[in-house]
Ligand code: NDP
């Protein structure tokens, strides 16, 4: 049987700190003028092109031993008196202790947000609010390298992603929404926009700062004040964002951050003096929140899970599509709600796509998230690693074929190799449930109609991808896919101007663009 759950092995040259660059000379130089047969063209270079380690410096990063709550513009001890550990998933070392807010702490945060709303923020002109958001955006840019390193240490994501994707997008969200502050009337011609009041915002661990920016920037731009709860395993960067709010002299209480576990989130959802709940997380918790909020005055947006179809037609540029498959499922260790986790390949190109995919995953570097060459970092937590292993086991037991590269994982930390399954049927758990890890389920189809039917045959509807040479086919397919976001000949591209959100059990409401503003406004 194939290897499934990764075993602890001694760190390899690729992954361990003990790595040394090795240069091996070609015994017989390759004559590049002679065309290579397909077998020779495989992307298997052995260890000849190994990368030398390129670790990002982190000794200058100041991680506090203890992070308190951020309420009323100050860092305050939790009334609960409790703290929990935040672990670096790549090393299993404790980074810091995080305050565990209880219902009393949440109540103080809500009161502080209400005072700030009534006395300052709702009275301030849009132009003035915009100045604060611009200032915050610039400070984020200034500190982006430090924040990126912290994000990678706390969450396990690779530095190249936190540095080149997360942080630029975090700043972009504040810049974009800063521009809207004094132009809300133009976003909704003929309507009178009013803020809602206090927004309670709960976010997951896969894009900690980015999710905070997606929530805070539009809420503040529209004149609301906020109580934000980061995820338990990734709270540190949110507290550094709180320091930026202090530095930007954001009026006290406009943003309050309460760290904690699920119970802290529940206290926010159940608090009577909150006007809007914005939640990003699992469908299971989203449904619970929906039930709690039903029948109250609270407005609600839910950004939940997904199981996106990435559809490759025979006329697609195959090499490009394979790169799209890679970024679709292995980006951020597959911890992406819109990950292209179900691959549908048209039968005629199944063999070359699988061959290229198998070769390509062999070249992905798994290991230290702070190494600039790493493609796949650490799985966010032991719990998430166990969940991935369990679902992969179910796939093997149900008869699908597991394909994994030959590699050794670091001896410490939570890591999982890039993997994919062939021989998957729609009834397999791995075709239906969100794995939220670097594991892809591959299926085939014959006609466009079959692709659409199979892609839509799932309770989720967050995102999808289509790969074809024909523009007309793109329009035809895209209009029939029940997914909030559909990418054509690309995948996982984000922009603050573009609304993001789901259908069906992937939730409702949009974040980003003018649609995202509407979620934080009363439009008369
Ligand atoms: P969870 O739903 O477990 O948690 C999300 C947040 O809700 C966390 O802050 C969590 O706290 C908190 N929470 C847990 N229980 C409750 C409760 N009863 N009431 C209120 N809040 C609660 O999701 P994960 O953090 O595991 O994130 C992964 C999920 O998020 C995936 O399903 C993914 O698809 C989805 N997601 C969706 C996105 C989208 O835009 N649609 C984007 C990113 C992720 P704690 O961490 O302490 O448990």
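Residue numbers (this note's numbering): 30 to 553. Glycine included, each C-beta is placed from N, C-alpha and C at the ideal position. These numbers were taken from a predicted model, which means no experiment stands behind them.
Between residue 280 and residue 150, the gap from beta carbon to beta carbon is short of 8 angstroms.
The beta carbons of residue 552 and residue 225 sit about 11 angstroms from each other, so the pair does not count as a contact at 8 angstroms. Assignment of beta strand (DSSP E) within the region 186 to 212, counting only whole runs of 3 or more residues, yields no such run.
Checking the 7 angstroms criterion, the Cβ of residue 463 is within range of a heavy atom belonging to the ligand NDP. As DSSP reads the structure, residue 222 sits in a beta bridge with 552. Under the DSSP definition of a beta bridge, residue 286 partners with 99 and 257. Its chain contains 187, 188, 189, 394, 395, 396 and 397 as the residues whose beta carbon lies nearer than 8 angstroms to that of residue 403, once the 5 sequence neighbours on both sides are disregarded; these appear in chain order. Judged by DSSP secondary structure, residue 112 falls within the beta strand (DSSP E) whose first and last residues are 112 to 117. Of the other Cβ atoms in all chains shown, 16 or more fall within 10 Å of the Cβ of residue 195; this residue is therefore buried. Inter-residue distance for residue 197 and residue 170 is about 7 angstroms (C-alpha atoms, whole angstroms). Residue range 328 to 332 is occupied by the beta strand (DSSP E) that includes residue 329. The closest CA to that of residue 460, considering only 430, 445 and 159, is found on 430. Two segments are said to touch when three or more pairs of C-beta atoms, one from each, lie closer than 8 angstroms; by this definition the region 208 to 216 touches the region 148 to 162.
Between residue 310 and residue 417, the CB-CB gap reaches or exceeds 8 angstroms. Taking one beta carbon from each stretch, the region 356 to 374 and the region 507 to 526 have 3 or more pairs nearer than 8 angstroms; the two touch. Cβ neighbours of residue 239 within its own chain (closer than 6 angstroms, five residues either side excluded): 195, 198 and 199.
Where residue 133 is concerned, the enclosing alpha helix (DSSP H) starts and stops at 132 to 145.
For residue 380, the number of other beta carbons within 10 angstroms of its own is below 16, and it is reported as exposed. Out of 138, 132 and 110, the CA that lies nearest to the CA of residue 100 is found in 138. About 15 angstroms separates the Cβ atoms of residue 123 and residue 129, ruling out a contact at the 8 angstroms cut-off. Out of 450, 438, 401 and 541, the CA that lies nearest to the CA of residue 82 is found in 401. In this structure, residue 237 has its CB at a distance of at least 7 angstroms from all heavy atoms of the ligand NDP.
Assigned with DSSP and collapsed to three states, residue 458 falls in helix. Scanning the region 366 to 397 for uninterrupted beta strand (DSSP E) segments of 3 residues or longer gives 371 to 375, listed from N- to C-terminal end. Remark: C-beta atoms of residue 535 and residue 489 approach each other more closely than 8 angstroms. DSSP, read as helix, strand or coil, puts residue 245 in helix. Residue 531 has its Cβ nearer than 7 angstroms to a heavy atom of the ligand NDP.
Within the DSSP bridge table, the entry for residue 537 names 331 as partners.
DSSP links residue 122 through a beta bridge to 117.
Shown here, residue 489 sits in a strand according to DSSP, grouped into three states.
With contacts defined as CB atoms closer than 8 angstroms, residue 337 and residue 436 fail to qualify as a contacting pair. With a contact defined as Cβ atoms closer than 8 angstroms, residue 183 and residue 287 miss out at about 17 angstroms. Each residue's CA atom was taken as its position, placing residue 319 and residue 229 some 14 angstroms apart.
A distance below 8 angstroms separates the beta carbons of residue 341 and residue 382. When 111, 132, 119 and 96 are compared, the shortest CA-CA separation from residue 440 is found for 119.
Counting along the chain, the unbroken alpha helix (DSSP H) around residue 170 starts and ends at 155 to 171.
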